[in-house]
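K.L.:
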């Protein structure tokens, strides 16, 4: 049974790409679950804990997307190919996902700064608060929320395409390239 290489290949995604993908998926799920719970349940202790990690996890996600983007560009010519004809649509969808994964936490940073609050990540102060600018804080808060839910819809579409289109309809082993060992992809 061959092991998974660190770098991507034309047959499957490597260990680093998989680590970025699944770690970010788990952290994004945590972020969305916390916000949904806050809207549905209110401020129960467990919800307050989840919401209390929102800025720290968002900051980690911003760093991870920068690293993941760099890694993806470095491996671009080695990655598994997409279906002919769908390449442009897939590239556009991926670009939109990445832009939103950068934009949402960036808007959160601006909102935090414009509200005059310092940025604390896991109890470490990384940035002092700016001069209070309520109009900018409110505007970026609105955009942060709308862009986050847009990202959530795109992620749901990404999951549905992977599971339903590639897994159940096409059965083309796309999902397996991110999940299984190389000898289990059917290739």
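Numbering (our numbering), first residue to last: 2 to 188.
Yeah, the Cβ is synthetic: ideal placement off N, Cα and C, and Gly gets one too.
Under 8 Å between the Cβ atoms of residue 69 and residue 128?
P.N.:
What you label residue 69 is simply residue 68 of the chain shown in a count that begins at 1. What you label residue 128 is simply residue 127 of the chain shown in a count that begins at 1. Not in contact: residue 69 and residue 128 (Cβ atoms no closer than 8 Å).
K.L.:
Near residue 104, what residues of its chain come up, given a Cβ to Cβ distance below 6 Å and the 5 sequence neighbours on each side ignored?
P.N.:
Position 103 of the chain shown, counted from the first residue, corresponds to residue 104. Correct list, in chain order: 148.
K.L.:
Given this structure, state the Cα-to-Cα distance separating residue 20 from residue 143, to the nearest angstrom.
P.N.:
As a first step, residue 20 is located in the chain shown; it is residue number 19 there, counting from the start. As a first step, residue 143 is located in the chain shown; it is residue number 142 there, counting from the start. C-alpha separation (whole angstroms): 31 Å.
K.L.:
Can you give me the Cβ contacts of residue 176 inside the same chain, cut-off strictly under 8 Å, excluding the 5 residues immediately before and after it?
P.N.:
Position 175 of the chain shown, counting from 1, holds the residue named residue 176. Hits under 8 Å: 163, 164, 167 and 168.
K.L.:
Evaluate residue 18 with the Cβ neighbour count: other Cβ atoms within 10 Å of its Cβ, from every protein chain shown; 16 or more gives buried, anything less gives exposed.
P.N.:
Taking the chain shown and counting its residues from 1, one reaches residue 18 at position 17. It is buried - the Cβ of residue 18 has at least 16 other Cβ atoms within 10 Å.
K.L.:
In the DSSP assignment, find the alpha helix (DSSP H) that holds residue 128 and state where it starts and stops.
P.N.:
Taking the first residue of the chain shown as position 1, residue 128 is located at position 127. From DSSP, residue 128 is part of no alpha helix (DSSP H) but of the beta strand (DSSP E) over 125–128.
K.L.:
Counting Cβ pairs closer than 8 Å, one from the region 95–115 and one from the region 59–73, do we hit at least three?
P.N.:
They touch, by the three-pair rule.
K.L.:
Output needed for residue 55: all residues of its chain with C-beta closer than 8 Å, excluding positions within five of it in sequence on either side, in chain order.
P.N.:
Sequence index remark: in the chain shown, residue 55 carries index 54 (1-based). Taken in chain order, the residues that qualify are 32, 35 and 36.
K.L.:
Reducing DSSP to helix, strand and coil, say where residue 176 ends up.
P.N.:
As a working mapping, residue 176 is identified with position 175 in the chain shown. Three-state result, residue 176: coil.
K.L.:
Among 111, 123 and 91, which residue has its Cα nearest to the Cα of residue 52?
P.N.:
Looking up residue 52 in the chain shown gives position 51. The shortest C-alpha separation from residue 52 is found at 123.
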